[in-house]
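*Asks:* Structure in structure tokens, see below.
In the working numbering, the protein residues as written are -14 to 186.
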């Protein structure tokens, strides 16, 4: 079901706007939602008065499935970013997982406005089991560090975290866009919107 067709969502957005609350809509972008996203951006069909629509890329983790992962080869991806490029009465934002798409498909986006994967560089995730990983989507816990016998600082400076950061540092060494993209997601290469022959992860 579309987020917009949900009476609860519509009423919640209206309530926030009516109370003068600066309101952002988070929209998960996947194979099952991209057509609607393109249409809504093209028609500026989001509630009047919202501050921004933030597009979060679908990941095959948790309840996310591989079947809903978008590919850079999908023609709709280029059309989506063309609509992101257009002027809207609201702001359009995206999570860092969408940065390779913005770099490869947008024509007028300011590179200074982009920030790629923050995992292990500016952020991390600590689970209820007292393990720390560079990103909450590391559900296989490939880069986990237990906080039962280490401090957060020690985990941050640990070998697993450094290995995660090395993947970002060393990705796509011959690409001119690498400083802005760093090869995209080190955990799920299948979600990265890049088909460049220079892509090496």
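Just so it is clear, CB atoms sit at the ideal spot from N, CA and C, and this is done for glycine as well.
Quick caveat, the model's predicted, so the values are computed rather than measured.
Would you kindly work out how many angstroms separate the C-alpha atoms of residue 155 and residue 181, rounded to a whole number?
*Replies:* Within the chain shown, the letter at position 170 stands for residue 155. Within the chain shown, the letter at position 196 stands for residue 181. The straight-line gap from Cα to Cα measures roughly 16 Å.
*Asks:* Does DSSP put residue 168 in a helix, in a strand, or in coil?
*Replies:* On the chain shown, position 183 is the one that residue 168 refers to. The answer is coil: DSSP assigns residue 168 none of H, G, I, E or B.
*Asks:* How big is the Cα-Cα spacing for residue 4 and residue -3?
*Replies:* On the chain shown, position 19 is the one that residue 4 refers to. On the chain shown, position 12 is the one that residue -3 refers to. Distance between the alpha carbons of residue 4 and residue -3 is about 11 Å.
*Asks:* Opposite residue -3 in the DSSP bridges: which residues?
*Replies:* For this step, residue -3 is matched to residue 12 along the chain shown. Residue -3 is not bridged to any residue.
*Asks:* Taking the alpha-carbon of residue 65 as reference, which of 52, 121, 32, 13 has the nearest alpha-carbon?
*Replies:* Residue mapping note: residue 65 aligns to position 80 of the chain shown, counting from 1. Of 52, 121, 32, 13, the residue nearest in Cα terms is 13.
*Asks:* Do you know whose CA, among 62, 47, 91, lies nearest residue 125's CA?
*Replies:* For this step, residue 125 is matched to residue 140 along the chain shown. Answer by Cα proximity: 47.
*Asks:* For the pair the stretch 27 to 47 and the stretch 116 to 135, tell me if three or more CB-CB distances fall below 8 Å.
*Replies:* yes
*Asks:* Distance, Cα to Cα, residue 146 vs residue 52?
*Replies:* Taking the first residue of the chain shown as position 1, residue 146 is located at position 161. Taking the first residue of the chain shown as position 1, residue 52 is located at position 67. Cα to Cα, the separation comes out at about 29 Å.
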